[in-house]
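Numbering (the numbering used here), first residue to last: 25 to 941.
Structural data, given as structure tokens:
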């Protein structure tokens, strides 16, 4: 049985390209001047110099070099299947090398006319060519134009030469720009080097061809438009190379970074990109009107290259302000970074990367045909077949074309992802007015409109009317009122569909009220209906989440992360993510204290919120909540110490020999939302000859650490810190040497610890700092807890201390306080502390900081409690913690009617009697 040979891909030849044919005819003698292999900037520069040495002027040598490089790339790409990255890198090198040479010539020409410009104090003025778009991203295509912006360093004047008056720096650099165009962009008998487009400069085609850095900064601050932020995302200085190597162009970086990226999650940019995309699509449709072949534009048509770039750029601009580690100019690199940050699934990123690579390779083949800046698939069958075969696909036939099928598949995937991101999962045209809200009629209604009130449940309508009566709402512009109206409509629809309660919708209004001027959060909810739906569900489950969200509204973005449900806090991942962010701040020159403080706060708030969501949705237990919050606090203190120490002016060594010791709720790994951190600070500088100096340095360190942990910044706060449990309490030193701490705890000398301090030590543990101090502290702790004691005296002191605390926290008759009443959690905690101090030496497992529940079970197993008593008390303690936790989540009292938790109270009272009688 024979096979159909027409389906077998044949090797394609670059010679099919009419452009390659022309170059080989015209420049046959010059082809050998370009060394074999992939051209880089050095090879291209040397090629131009050889062509000049052969008698060609620079303007001709640049153009001939360009033709030779493109012929080589066609061969490497079509015949040898060179990777896309190699082709774009070579094209970028061609642009950089030719611009470098042209700029040197242009400046030399203008210097010869009037001298080089200098500032008022005689300093030279640099001039920078900024590459935008694909040139900036080092992903230039083979027949691309280059988008440039010319910026000069400062204002000044040229000195003038004999008989020639001086010129302003602006006039001088305008002449340089004009000369550059002649050298690069003019078409001569040898063609052109690159088509040059200056339309992205400030004020576009109506603006001057060159701007000073001061003019650029003012433009960004006053006139810069949202869509220009996407253009500047890929910008970089491409010439002169010396300005990059020496760092002279670095002052541009903070200007551009501040313009492109905001310090918050910038969902307000969605509408800017939506408008830009609409214009591009309308232009593509206009050009295709009456010309169906123009619908096959691999760049601008629906699902084309531009939409992949928009997906990436939108996510970078929205998130890159807070997450500098995702910033990059490259589209393909960005997909990897977005995946690493959890902003895109690996499957989606892989498909988009494969689609982008395929479309770019097709684009290159289209352009190889005639060296035209086009992205339209050719209409001739021979050209289509050549493109297909050059990509390893079967030749196109009248009844089948694998190339077109693959293109359709990719474009549908891209369009689906694009619409999901930018149009709530809908195609843009039919639903543009509704914003993805199925219950919103013909479009959003203003918050204060009667038509909206008529659509709402009566209680919600009344709450909205009260809200609208406030001057802050009345003074809003129409656009925010429409956005708020859309959100309220969606909340009402959520109630109507049974996805959330009416209480949730009312709490949602309470939550929105203080956010009227925080457009980015409202934009996030408007752009992400799924986030709003989950938020409403969360608000309906408990009251405390609303309080947390009021303090930290930015964390609602976490609701868009699918990993929220399926994971728990991961210390290693958390620390690695923060270190990666720190490195990114360093790379961008923005690693100042403000950025670092805000970075830690954003990360901590996000993790607390993730735990809160899992907690309220009953995905984890109360014990798991406490474990995760405690581990998060440990990691946050640790990273803060790591970042604060290198910024301590007084530091005397590379790494501190310093430890943070956790006590109380943090020490017992029972931390709750908003709990204070009870901590003690220790150091061990035994090898430091000047003991006073070590004390002083670590004192400065502790004060800096406390400031970093407690300071309220624009991103909020982290913790309240309590250091009252340190040796000698509030009258003692803020930081203590480990040797002095040991002496104090074991009772050597006149300054010794009280019994209640030893009780506190039962729950103490290493939290952060130098790992070798962890072992040293734990050894001291075990030594103290296992020390011989007068059992009866200890019992009297513990019971006396418990009674003192009880008297300070009276409870009304008929009520049971889960913590402070007799039979409450504190009774169980005091029993555990007594058992550890009294019997830890004989029963070492009690010395472990294992938590009250585990220690009660161990005490029973050791025979220190009657059978069943410890287990029953442990179960009761767990249930009381759960009751306390749920009550606090819903902002309810933790004092219950006495009969409600009678079984748990009786179990702990039985424990107390068994131990203390």
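Note that the Cβ used here is the ideal one computed from N, Cα and C, for glycine as well.
Since this is a predicted model, take the numbers as computed values, not measurements.
The criterion of a C-beta distance shorter than 9 Å is not satisfied by residue 877 and residue 904. Contact fails between the stretch 255 to 264 and the stretch 183 to 201, because fewer than three Cβ pairs, one in each stretch, are under 8 Å apart.
Counted as a single uninterrupted DSSP element, the beta strand (DSSP E) harbouring residue 841 occupies residues 839 to 841. For residue 37, the three-state secondary structure derived from DSSP is coil.
Judged by DSSP in its simplified three-state form, residue 740 adopts strand. Closest option to residue 154, judged by alpha-carbon separation, among 808, 119, 799, 556: 119. Around the beta carbon of residue 541, fewer than 16 other beta carbons sit within 10 angstroms, so the residue counts as exposed. Excluding five sequence positions before and after residue 834, none of the CB atoms of its chain fall closer than 6 Å to its own CB. Per DSSP, the unbroken beta strand (DSSP E) holding residue 686 starts and ends at 682 to 687.
Every unbroken stretch of the alpha helix (DSSP H) spanning 4 or more residues and falling wholly within the stretch 265 to 352 is given here in chain order: 265 to 270, 276 to 284, 293 to 312, 329 to 343. The three-state secondary structure of residue 921, taken from DSSP, is strand. Closest in C-alpha terms to residue 893, from the list 855, 919, 920, comes 855.
Annotation: the stretch 51 to 96 contains the following complete segments of the alpha helix (DSSP H) (minimum length 4 residues), in chain order: 65 to 77. In the DSSP assignment, residue 932 falls within the alpha helix (DSSP H) that extends over 926 to 940.
Residue 235 is classed as buried because its beta carbon has at least 16 other beta carbons within 10 Å across all chains shown. Judged by beta-carbon spacing, residue 123 lies within the 9 Å limit of residue 262, meaning their Cβ atoms are closer than that value. About 16 Å separates the Cβ atoms of residue 77 and residue 121, ruling out a contact at the 8 Å cut-off.
Between residue 89 and residue 68, the C-beta spacing is below 9 Å. Counting only residues of its own chain and dropping the five nearest sequence neighbours on each side, residue 340 has a CB closer than 7 Å to the CB of 257, 350, 351, 358. Following the DSSP letters along the chain, one finds residue 548 inside the alpha helix (DSSP H) bounded by residues 543 to 551.
In this structure residue 545 is in contact with residue 578, their Cβ atoms being roughly 7 Å apart against a cut-off of 8 Å. A direct Cα-Cα distance of roughly 19 Å separates residue 56 from residue 37. Relative to the Cα of residue 584, the nearest Cα in the group 44, 557, 565, 604 belongs to 557. Secondary-structure assignment with DSSP links residue 633 through no beta bridge to anything. Spanning the alpha carbons of residue 86 and residue 112 requires a straight line of approximately 19 Å. Pairing residue 416 with residue 35, the inter-Cα distance amounts to about 8 Å. Contact check between the stretch 222 to 239 and the stretch 98 to 117: fewer than three CB pairs, one atom from each, fall below 8 Å, which does not count as touching. Ranking 472, 490, 704, 486 by CA distance to the CA of residue 502 puts 472 first.
Its chain contains 575, 576, 625, 629 as the residues whose beta carbon lies nearer than 8 Å to that of residue 740, once the 5 sequence neighbours on both sides are disregarded; these appear in chain order. At a Cβ-Cβ threshold of 9 Å, residue 858 and residue 808 do not count as neighbours. The DSSP-derived three-state label of residue 176 is strand. One alpha carbon belongs to residue 819, the other to residue 881, and they sit about 20 Å apart. For a cut-off of 8 Å, the C-beta gap from residue 408 to residue 400 is around 12 Å, too long to register as a contact. Residue pairing by DSSP leaves residue 116 without any beta bridge partner. DSSP places residue 261 in the strand class (E or B) of the three-state scheme.
With respect to the 9 Å criterion, residue 344 and residue 280 are not classified as neighbours on the basis of their beta carbons.
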